Structures are given as C-alpha cells and as structure tokens.
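Counting in our numbering, the sequence shown runs from 6 upward without gaps.
First the structure, in the form of structure tokens, and then the observations on it.
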Amino acid sequence: MSITWNDSVPIYRQLRERVVAMILDGALNEGDPLPSVRQVAADFQINPLTVSKAYQELVDDQLVEKRRGLGMFVTDGAREALLKSERERFLREEWPTLYARLQRLGLDLKTLLREAPQDSENQS
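Written as structure tokens, this is what we have:
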C-alpha cells in the first residue's frame with residue numbers, strides 16, 4: 006500500500022479521516038474490525054503511535070470500540086452519526102462558500118444537475 010501524506014495536516018488526522026471515509030463509503034460496516042495498529046503502521050510505513058493516536062480519536066468520538074484482546078471494531082450507529090455530523094459540518098463550513106461561488110458564476114440547480122457527472126448508482 007502507498008499513500009501520499011499532506012504535509013500541512015498531521016498524519017494521525019489524515020489516517021482518522023481515511024477511516025471515517027471508509028465508514029461513510031461502506032468499506033467498513035458496523036461490527037467490522039479495523040486493521041491492527043501494527044498492520045497499518047507497516048503498510049503505510051508510519052510509527053505505530055501515530056496509528057494509535059488516530060484510532061484513539063475514533064474511540065473518543067465513539068465511532069470505534071476497543072475489545073480487549075480482539076482489537077478495534079466499528080460501533081453500531083457509527084455511520085449514521087458520521088453522516089449527521091458530516092452533513093452539519095458541510096452546511097456550516099463548506100456550503101456558504103460553495104453557494105456564494107455558484108451565485109457569482111450564475112449557476113442554478115437545473116444547470117448543475119444537467120452537467121453533473123453520472124454514476125452507476127444515480128442514473129435514471
């Protein structure tokens with residue numbers, strides 16, 4: 006495995022966001038185990054303490070749980086909690102800037118929908 010890290014964001018935060026994206030995308034489901042700290046550290050060639058810090062943030066956010074002797078597992082309700090918090094964050098932090106840009110460019114919903122890339126799940 007290889008990954009390009011963004012030097013402006015701590016690696017543990019980027020790793021946390023990667024796990025969050027996997028939960029949101031359905032690559033990790035409720036009850037699924039996370040890869041071990043050692044495995045992630047070896048795969049990405051990073052310090053195991055960095056992985057532990059990322060995983061601890063996920064535990065603190067109640068998205069994963071530690072099971073003694075077994076590892077870390079995605080908690081029940083993690084995806085729904087993430088969807089709620091990510092939607093709220095998008096509307097609070099990203100939407101105002103995006104909306105202002107759309108207004109400046111004179112783009113409306115009809116144009117956006119017509120020009121949107123088609124994916125296999127949303128084609129009619």
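We put the beta carbon where it would ideally sit given N, CA and C, even for glycine.
Note that the structure is a prediction, hence the values are computed from the model and not measured.
Expected contact under 8 Å - CB spacing of residue i and residue j to nearest Å
i   : j   : result
L87 : V14 : That belief does not hold up - the Cβ atoms of L87 and V14 are roughly 19 Å apart, past 8 Å.
V79 : N34 : 6 Å
L29 : E91 : 7 Å
Counted within 10 angstroms of its Cβ, other Cβ atoms place residue i as buried (16 or more) or exposed
i    : result
R73  : exposed
A32  : exposed
E64  : Here the sequence assigns Val to residue 64, which means Glu is not the residue at that position. Classification of V64: exposed, given that the 10 Å Cβ count is below 16.
T55  : buried
R109 : exposed
L39  : buried
L103 : exposed
L20  : buried
M6   : For M6, the predicted model reports a pLDDT of 49, less than 50, meaning its position is unreliable; a value from the coordinates is still stated below. Under this definition M6 is an exposed residue.
Beta-carbon proximity list for residue i, same chain, < 7 Å, skipping 5 on both sides
i    : result
L118 : none
S41  : G76
Q67  : T80
K71  : V64 and M77
R106 : none
Reference residue i, options the options, closest by Cα
i   : options                : result
R84 : G36, Q19 and K71       : G36
N52 : K115, I16, K71 and L96 : I16
Q50 : R23, I8 and D113       : I8
Same chain only: Cβ atoms within 8 Å of residue i, ignoring 5 sequence neighbours per side
i   : result
G82 : E35
Q: Say whether the region 37-46 touches the region 54-61, bearing in mind that this needs 3 or more beta-carbon pairs closer than 8 Å, one atom from each stretch.
A: yes
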